[in-house]
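Since the structure comes first, as structure tokens, the remarks are kept for the end.
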Amino acid sequence: MSVSVFLGLRALRGRSGTGRYLRGAVAGIALGLVPLVVVMEVSTGMIDGITARLLEVGSSHLQASLPAALGADDLVAAARAVERLAGVRSATAERQGTVLLALGQRSAGVTLRCVDPAGFARDAGLQRYLTAAEGSLDLDEPRTVLVSAALARTLGARTGDSVLAVAGLAGDAAVLPRVTRLVVGGVYETGYQELDKAVAYAPLADADTALPSRGVRTLLDVKVADPFADLAAVASRVAEALGPDARVSSWRDLERSRLASFETTRWLLVLIMGLVAAVAAANVSSTVLMLVLERRQEIGILLGIGARPAVLTRSFLLAGLAAAAAGTALGIAAGLLLAVNINGLIAVIDRLLNFAAGLAALARAPFIRGGAGAGVRLTLFQSAYYLQSIPVRIRAGEVIAAGSATLLIACLAAYLPARRAGLLAPLEVLRRS
Amino acid sequence: MSEPMLSVRALVRSFAAGGEILEVLRGVELEVRGPASVAVTGESGSGKSTLLALVGGLDRPTGGSVVVDGTDITALDETELSAYRSRHVGFVFQFHFLLADFTALENLLIPGMLASRDAAGTRERARGLLDDVGLARRAGAYPGELSGGERQRVAVARALMNRPRLILADEPTGNLDERNARMVEDLLFPLVAREGCTLLLATHDRALAARAERRYELAGGVLAPA
Chain A
1 MSVSVFLGLR ALRGRSGTGR YLRGAVAGIA LGLVPLVVVM EVSTGMIDGI TARLLEVGSS
61 HLQASLPAAL GADDLVAAAR AVERLAGVRS ATAERQGTVL LALGQRSAGV TLRCVDPAGF
121 ARDAGLQRYL TAAEGSLDLD EPRTVLVSAA LARTLGARTG DSVLAVAGLA GDAAVLPRVT
181 RLVVGGVYET GYQELDKAVA YAPLADADTA LPSRGVRTLL DVKVADPFAD LAAVASRVAE
241 ALGPDARVSS WRDLERSRLA SFETTRWLLV LIMGLVAAVA AANVSSTVLM LVLERRQEIG
301 ILLGIGARPA VLTRSFLLAG LAAAAAGTAL GIAAGLLLAV NINGLIAVID RLLNFAAGLA
361 ALARAPFIRG GAGAGVRLTL FQSAYYLQSI PVRIRAGEVI AAGSATLLIA CLAAYLPARR
421 AGLLAPLEVL RRS
Chain B
1 MSEPMLSVRA LVRSFAAGGE ILEVLRGVEL EVRGPASVAV TGESGSGKST LLALVGGLDR
61 PTGGSVVVDG TDITALDETE LSAYRSRHVG FVFQFHFLLA DFTALENLLI PGMLASRDAA
121 GTRERARGLL DDVGLARRAG AYPGELSGGE RQRVAVARAL MNRPRLILAD EPTGNLDERN
181 ARMVEDLLFP LVAREGCTLL LATHDRALAA RAERRYELAG GVLAPA
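Residue numbers (our numbering), protein chains in the order written: chain A, 1 to 433; chain B, 1 to 226.
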């Protein structure tokens, strides 16, 4: 073992008590890194989860807009033709438009997606994220409608209920309402209410009666083998197969602004948390400085018996780095542990918050006329705006980069005070001792 | 005639104090050939410690030269001076100056490590020296667990670790009671003789100085035979 390592490691567990500074630095760096790792991994999982749902349930990988005049049979035939193209996994014929769904006194404006039932059932990606909360999710029966759980709550609808789809029918001088009765065949969830709260599915055959006469979009929802690859070539093949009237867009074009907004928010959070971690890492500087000041006599003795200044600089740098490495390892481990258990943690915090709120309500009850009442249920995260369950995905590269950056900052921060150790005049230190 | 082991020529050391120049050493001359024990006596503040610091490369003179084994150490840079202190000089101070976080054995190993000696040889040498100073059984004790006399005996052993040519002892018994002082003296002189080192001893203890082969008196910044 080199003498620098020997001296540096001993400083970590110094009997003279200076090790407490290094233990403080370890704790500081670990605490600084925990929020960074949690934010990185949770936001990555969140964005990946939302992106996957947008791709599979929302915009599809490629979306081909076709003329509204295209008949249903021709639309399904076009979907079959596209499915045979290289790189295409599935294609589903769809017409969509805005209607008012009503049940009793309740109603909601929704996008009604009238899809080819066979294509709908074959779309593995869609089926993966569309889970049945109630009933079944097939559209084989005509006049069936599948509503999201959020929509079902809004309408107070259950499987088997009849709902009215009110669509605008353009006349000569005015828009007249056209009403179609649909039966709720099932209630679905995607896990991302922002995506499904105003969407309902119906068979393609009902599009002519249930959708308005204007503003209907005729589409092919195309899924490819790898949506994250360059889609230009497959998009070009789809466009060529559909002819000049088709306009093909990739999910990157359709969801660009939304995904850019997610990424910007994520990086902003990572930057803020990164600053916290960087400040904690830079704090190693004051730790090493304190170490040098408290170990002046030892430095003087070592210089006196022939230690080169570089040996002392290295030993203090190593002590600082060892503390930073320990803090980094602890912080990353704790951050990952919290990140992978974030759903459970949120549930526990929710329960604690509500327990505390319940206690507060009980304490207030004697002073409130009529008692405390039922109180309001507190929710840490409104799942209406986020995923109901956060799918945490660990990106090893990002974690390693965060750890390496922390160590680099700590190393740079520790260098100047460590160098100061080597610059002390031994005779001066020994005389003062 | 062989080259002197230590040659101090016209050594001057002055300090600026309160706007005045205080000349502590005013042309000190000293020559030592071969292994010998040399005592420098003088009153407190006479410059004994300053002379030892200059010979040990812990300080730089205002003028003159210190030549050890043919090398003028006043011309060495900091890194060369570190190597000189590590390989050619052993220090015994009035205060033991052991490293508090290291055991007695480790305190001896560190000079060996600093001089890049081989690990096995260094360990063997350190254990041997601890045995020589009667502390083989206290090798694992930390300085805080040793008595004052034991600490100073460890300091003597440490000074000898790298088989230096020169041992510089500055009031080595000044902090010890009579019994421990005699014990350290009784170890220091024979060990230095056995190792073939030259001992340069600064003390105001005339009894201790009497044990040296040559004695000098430092007064008024000038060294003269006592």
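No residue lacks a Cβ here, since even glycine has one placed at the ideal position from N, Cα and C.
Are the CB atoms of A:A445 and A:L182 nearer to each other than 8 Å? This structure leaves residue 445 of chain A out entirely; chain A is present only between 1 and 433.
Using a cut-off of 8 Å between C-beta atoms, extract the partners of A:R10 located in chain B. Along the first sequence, read from residue 1 onward, the residue named residue 10 of chain A stands at position 10. Within chain B, the residues near A:R10 are D101, F102.
Under the three-state DSSP convention, the category A:Y415 falls into: Here the question's residue 415 of chain A lines up with position 415 in the first sequence. A:Y415 falls in the helix class under three-state DSSP.
Taking CB distances under 8 Å as the criterion, tell me whether A:I301 reaches chain E. Note that chain E does not occur in the displayed structure, where the protein chains are A and B.
Residues near A:F262 in its chain [Cβ-Cβ closer than 6 Å; skip 5 each side]: Position 262 of the first sequence, counted from the start, is the residue given in the question as residue 262 of chain A. I47, listed in sequence order.
Are the segment 159 to 168 of chain B and the segment 194 to 212 of chain B in contact at 8 Å, needing three or more beta carbon pairs? yes
Roughly how many angstroms lie between the CA atoms of A:I342 and A:L195, to the nearest whole one? The sequence position of residue 342 of chain A within the first sequence is 342, counting from 1. The sequence position of residue 195 of chain A within the first sequence is 195, counting from 1. Taking the straight line from one Cα to the other gives about 22 Å.
If you draw a straight line from the C-alpha of B:D69 to the C-alpha of A:A414, how long is it? Counting from 1 along the second sequence, the entry for residue 69 of chain B is found at position 69. Counting from 1 along the first sequence, the entry for residue 414 of chain A is found at position 414. Each residue's alpha carbon lies about 40 Å from the other.
If you follow the beta strand (DSSP E) that A:V145 is in, where does it begin and where does it stop? Mapped onto the first sequence, residue 145 of chain A falls at position 145. Looking at the DSSP string, the run of the beta strand (DSSP E) that includes A:V145 is 144 to 148.
Where A:L112 and A:A198 are concerned, what is the direct C-alpha to C-alpha distance, given to the nearest angstrom? Locating residue 112 of chain A in the first sequence gives position 112, where the first residue counts as 1. Locating residue 198 of chain A in the first sequence gives position 198, where the first residue counts as 1. If you take the alpha carbons of A:L112 and A:A198, they lie about 9 Å apart.
Identity of the residues DSSP links to A:S162 by a beta bridge: Taking the first residue of the first sequence as position 1, residue 162 of chain A is located at position 162. Bridge partners of A:S162: A:V183.
Reduced DSSP category for A:I305 - H, G, I as helix; E, B as strand; rest coil: Position 305 of the first sequence, counted from the start, is the residue given in the question as residue 305 of chain A. Of the three classes helix, strand and coil, the one that applies to A:I305 here is coil, per DSSP.
If you check the beta carbons only, do A:V184 and A:D206 fall under 8 Å apart? As a working mapping, residue 184 of chain A is identified with position 184 in the first sequence. As a working mapping, residue 206 of chain A is identified with position 206 in the first sequence. Not closer than 8 Å, so no.
Can you list, in chain order, the residues of its chain whose CB lies under 7 Å from that of B:L135, leaving out five sequence neighbours each side? If you number the second sequence from 1, residue 135 of chain B lands on position 135. For B:L135, where only same-chain residues beyond five positions count, the Cβ hits under 7 Å are A104, E150, R153, V154.
Flag B:F231 as yes if its beta-carbon sits less than 8 Å from any beta-carbon of chain A, otherwise no. Outside the shown range of chain B, which is 1 to 226, sits residue 231 of chain B, and nothing can be said about it.
Quick check on the DSSP output: what are the complete beta strand (DSSP E) runs of length 3 or more inside the segment 110 to 154 of chain A, in order along the chain? 131 to 135, 144 to 148
If we count the other Cβ atoms within 10 Å of its Cβ and call it buried at 16 or more, is B:A119 buried or exposed? Taking the second sequence and counting its residues from 1, the one referred to as residue 119 of chain B is at position 119. Per the 10 Å Cβ criterion, exposed.
Indicate the three-state DSSP secondary structure (helix, strand or coil) for A:L103 in the structure shown. The residue given as residue 103 of chain A occupies position 103 in the first sequence. Strand, per DSSP.
Quick check: the segment 265 to 272 of chain A against the segment 71 to 83 of chain B, are at least 3 beta-carbon pairs closer than 8 Å? no
Contacts that A:V311 makes with chain B (C-beta to C-beta distance below 8 Å): Numbered from 1 along the first sequence, position 311 holds the residue referred to as residue 311 of chain A. Ordered by position in chain B, the residues that pass the 8 Å Cβ test against A:V311 are L114.
I need the DSSP call for B:L30, collapsed to helix, strand or coil. Within the second sequence, the letter at position 30 stands for residue 30 of chain B. Looking at B:L30 - three-state DSSP - the assignment turns out to be strand.
Do we get a CB-CB distance below 8 Å when we pair B:P111 with the residues of chain A? Position 111 of the second sequence, counted from the start, is the residue given in the question as residue 111 of chain B. Answer yes: the Cβ-Cβ gap between B:P111 and chain A drops below 8 Å somewhere.
Got a sec? Which residues, its chain only, sit under 6 Å from A:R258 by beta carbon, not counting five neighbours each side? Counting from 1 along the first sequence, the entry for residue 258 of chain A is found at position 258. Closer than 6 Å at the Cβ level, and outside the excluded window around A:R258, lies no residue.
Mind listing which residues of the segment 33 to 59 of chain B have their C-beta closer than 7 Å to chain A's C-betas, in chain order? A53, L58, D59
Kindly confirm or deny that the segment 301 to 319 of chain A and the segment 419 to 428 of chain A touch, where touching means at least three C-beta pairs closer than 8 Å. yes
Using only alpha-carbon positions, find the residue among A:G87, A:L293, A:Q193 that is nearest to A:A150. If you number the first sequence from 1, residue 150 of chain A lands on position 150. Measuring from the Cα of A:A150, the nearest candidate turns out to be A:Q193.
From A:R393 to B:R127, what distance separates their C-alpha atoms? In the first sequence, residue 393 of chain A corresponds to position 393, counting from 1. In the second sequence, residue 127 of chain B corresponds to position 127, counting from 1. Distance between the alpha carbons of A:R393 and B:R127 is about 56 Å.
Which class does A:T98 belong to by DSSP, given the choice of helix, strand or coil? One-based indexing of the first sequence puts residue 98 of chain A at position 98. Looking at A:T98 - three-state DSSP - the assignment turns out to be strand.
Taking three-plus beta-carbon pairs below 8 Å as touching, is the segment 331 to 345 of chain A in contact with the segment 5 to 24 of chain B? no
Give, in chain order, every residue of the segment 74 to 87 of chain B whose Cβ lies closer than 8 Å to some Cβ of chain A. E78, T79, S82, A83, Y84, R85, S86, R87
Is the beta carbon of A:G304 sitting closer than 8 Å to the one on B:F91? Within the first sequence, the letter at position 304 stands for residue 304 of chain A. Within the second sequence, the letter at position 91 stands for residue 91 of chain B. Yes, Cβ-Cβ distance for A:G304 and B:F91 is below 8 Å.
CB-CB length for A:R308 against B:T79, believed under 8 Å: Start at 1 with the first residue of the first sequence, and residue 308 of chain A comes out as number 308. Start at 1 with the first residue of the second sequence, and residue 79 of chain B comes out as number 79. That belief holds up - the Cβ atoms of A:R308 and B:T79 are roughly 6 Å apart, short of 8 Å.
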